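Residue 87 in the numbering used here is what sits at position 82 of the sequence shown, and the numbering runs on without skipping anything.
For each residue, glycine too, the CB sits at the ideal point set by N, CA and C.
These numbers come from a predicted model, not from an experiment.
Written below as structure tokens is the structure these notes are about.
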Amino acid sequence: MADLVYTGRFDLNPARNTREKLLLPLGDIKPLQQAGVYLAVMNQAGRYDYSNPATLFTLSDIGVSAHRYHNRLDIFTQSLENGAAQQGIEVSLLNEKGQTLTQATSDAQGYVQLENDKNAALLLARKDGQTTLLDLKLPALDLAEFNIAGAPGYSKQFFMFGPRDLYRPGETVILNGLLRDADGKALPDQPIKLDVIKPDGQVLRSVVSQPENGLYHFTWPLDSNAATGMWHIRANTGDNQYRMWDFHVEDFMPERMALNLTGEKTPANAER
Numbered sequence: 006m007a008d009l010v011y012t013g014r015f016d017l018n019p020a021r022n023t024r025e026k027l028l029l030p031l032g033d034i035k036p037l038q039q040a041g042v043y044l045a046v047m048n049q050a051g052r053y054d055y056s057n058p059a060t061l062f063t064l065s066d067i068g069v070s071a072h073r074y075h076n077r078l079d080i081f082t083q084s085l086e087n088g089a090a091q092q093g094i095e096v097s098l099l100n101e102k103g104q105t106l107t108q109a110t111s112d113a114q115g116y117v118q119l120e121n122d123k124n125a126a127l128l129l130a131r132k133d134g135q136t137t138l139l140d141l142k143l144p145a146l147d148l149a150e151f152n153i154a155g156a157p158g159y160s161k162q163f164f165m166f167g168p169r170d171l172y173r174p175g176e177t178v179i180l181n182g183l184l185r186d187a188d189g190k191a192l193p194d195q196p197i198k199l200d201v202i203k204p205d206g207q208v209l210r211s212v213v214s215q216p217e218n219g220l221y222h223f224t225w226p227l228d229s230n231a232a233t234g235m236w237h238i239r240a241n242t243g244d245n246q247y248r249m250w251d252f253h254v255e256d257f258m259p260e261r262m263a264l265n266l267t268g269e270k271t272p273a274n275a276e277r
């Protein structure tokens, strides 16, 4: 059962017929200085209703950020007071019934990796009486206004590159690739499936590429009547997560350089 620790009155004075978001000053309330989980119930003075608005909040020094990927959750715990990583934080995923789905403890860097369970509704972080809650059903932090665009992260990184990305019909497309892990270190050689995709989305050819000394090399001669537009080469490293390399096929005239070579009027001799 919960214990009553504080009762107070706040003069909110909102404008009539409007909804406002107000922050209540709790920092100077001594009974609310102890870390823990609190339930706040509010009611209008002089009224006794059958139901009252209530909310749950925690006082904790455990800061949590969760990064959701295809099949895992990367969780970082740190102190809200000084920003230092927190070791030994017990991190749990709970479903909507409050049942624990998975659990792990943060390392010296404050890092925890958990399997991304679709039934997870709440992330719970606890240590020494401190508790932090993270609702996984709420919308994630909107980063649309920040310039964070970049290549998607995979456990296997397949870097594709070529001498150019603009070709004419009839030319040969050249593509090279390197297979690396998430830290950029070389992975053991393995076959990789490559699909050549036309501008209309149809797969023109599928091949399995084998590396030589860690380098994947693929060439594809374009037909003389190949469709112009944006083509794609799709790579699958076996995890069914596609990596794309794009190139253009256009009718264009390559830049040319004219050279005029002229020699001396007097032929050179051996003495010179």
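Review point. What are the complete beta strand (DSSP E) segments, minimum 3 residues, inside the region 152-187?
Key: 161-166 and 177-186
Point to revise | K161 versus Q215: straight-line alpha-carbon distance, rounded | key: 16 Å
Check your understanding: Is it the case that the CB of L31 approaches a heavy atom of the ligand ZN more closely than 6 Å?
Key -> Of ligands this structure carries none, so the ligand ZN is not represented either.
Practice item. To the nearest angstrom, report how far apart A125 and L141 are at their CA atoms. Key: 7 Å
Exercise for review: Pull up the distance between the alpha-carbon of D244 and that of F163, whole angstroms please.
Suggested key: 12 Å
Practice item. Would you check if the distance between the CB atom of L78 and the CB atom of L119 is smaller than 7 Å? Key: yes
Exercise for review: Report the residue from Y159, V201 and V46 whose alpha carbon sits nearest the alpha carbon of N76.
Suggested key: Y159
**Study point:** Assigned secondary structure, R198 (DSSP; H/G/I helix, E/B strand, else coil)
**Key:** With the sequence shown as reference, residue 198 is identified as Lys, and Arg is not the correct amino acid for it. Looking at K198 - three-state DSSP - the assignment turns out to be strand.
Review point. Could you give the uninterrupted runs of the beta strand (DSSP E) lying entirely in the region 10-98, keeping only those of 3 residues or more?
Key: 41-46, 59-64, 67-73 and 77-84
**Study point:** CA-to-CA distance, Q246 to S65, given in whole angstroms
**Key:** 39 Å
Review point. Going by the beta-carbon positions, is the gap between A111 and Q92 smaller than 7 Å?
Key: The residue asked about is misnamed: residue 111 is Ser in this sequence, not Ala. Result yes, Cβ atoms of S111 and Q92 sit closer than 7 Å.
Check your understanding: Since Y247 is in the beta strand (DSSP E), which residue starts that stretch and which ends it?
Key -> Neither: Y247 is in no beta strand (DSSP E) and is coded neither H nor E.
**Study point:** Residue interval of the beta strand (DSSP E) (run including A130)
**Key:** L127 to K132
Point to revise | C-alpha gap between N57 and Y11, whole angstroms | key: 17 Å
Point to revise | C-beta atoms of D186 and L192 nearer than 7 Å | key: yes
Practice item. For I94, count neighbouring Cβ atoms within 10 angstroms of its own Cβ and tell me buried if that reaches 16, exposed if not. Key: buried
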